[in-house]
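Below you'll find the structure, written out as structure tokens, and then a few comments.
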Amino acid sequence: MFIPYFTEHEEPQPGDGFLYASLSDEALLRRVLINVSANHADQTILDKITGSFKMVAGPYTSVDMQTAAQQYIRAGGREIFGKIAEVVLAEGNPVGLLINEKEFILDEEAPNCFRIETLSEVPAEYAVASGANVLPLVPPHYSSHGAYYMPPLKEFIVNYNYKDYFYSFIAGADGEIKLILQKYVP
860 MFIPYFTEHE EPQPGDGFLY ASLSDEALLR RVLINVSANH ADQTILDKIT
910 GSFKMVAGPY TSVDMQTAAQ QYIRAGGREI FGKIAEVVLA EGNPVGLLIN
960 EKEFILDEEA PNCFRIETLS EVPAEYAVAS GANVLPLVPP HYSSHGAYYM
1010 PPLKEFIVNY NYKDYFYSFI AGADGEIKLI LQKYVP
């Protein structure tokens, strides 16, 4: 499984019926987590798999876009969670977004172990980078991202009911929205 490069995760613990290995390539900013069933392989086989695994440069994927989002945040940007209230257009191109800012809060007492609170009734306005792309959730269940479909915002707003969904808006250190990642909220 490819994972965004800067994702912090706990290393899986042995004894759950699987063997795990984590590999990364700093030059490509790519990470992979490999797991095999302990019923079908042992550590020697896992070592052969990881020893034969080679990361190479390739097409830009949804995982690469998530890594890019992490890079913006690490460089002084921020993540804004919420919904699109309105798209501001200039000469037919998106130049701004009015965002209904929300907060996603983990809450063991809530029915799905989380709740979403509105931060303000007034949408906040943000400039949008020229060529900003969206990482949408894919049909039929709209619960996960596809591998390669990351349309420009201009195309996305024409082809989707964009106001119906939650997003992580990634702003650079300059406050401008650089990337938009649609978020699954059950």
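Every letter in the sequence shown is one number past the one before it in the numbering used here, and letter 20, counting from 1, is 879. We treat Cβ as the ideally placed atom computed from N, Cα and C, and that holds for glycine. These numbers come from a predicted model, not from an experiment.
The C-alpha of leucine 878 lies about 26 Å from the C-alpha of serine 921. If you draw a 10 Å sphere on the C-beta of asparagine 898, you find fewer than 16 other C-beta atoms in it, and that means exposed. Where threonine 903 is concerned, the enclosing alpha helix (DSSP H) starts and stops at 902-911. By the 16-neighbour rule on beta-carbons within 10 angstroms, arginine 890 is buried.
For phenylalanine 940, the pairing in a beta bridge is given by DSSP as Ser1027.
By the 16-neighbour rule on beta-carbons within 10 angstroms, phenylalanine 912 is exposed.
By the CB criterion at 9 Å, alanine 900 and leucine 892 fall outside the cutoff. Taking 9 Å as the cut-off, the Cβ atoms of isoleucine 1039 and glycine 936 do not count as close. The region 1007-1021 makes contact with the region 951-964: 3 or more CB pairs, one atom from each, lie closer than 8 Å. Per DSSP, aspartate 884 lies in no alpha helix (DSSP H); the unbroken beta strand (DSSP E) holding it starts and ends at 877-884. Under DSSP, threonine 866 shares a beta bridge with no residue.
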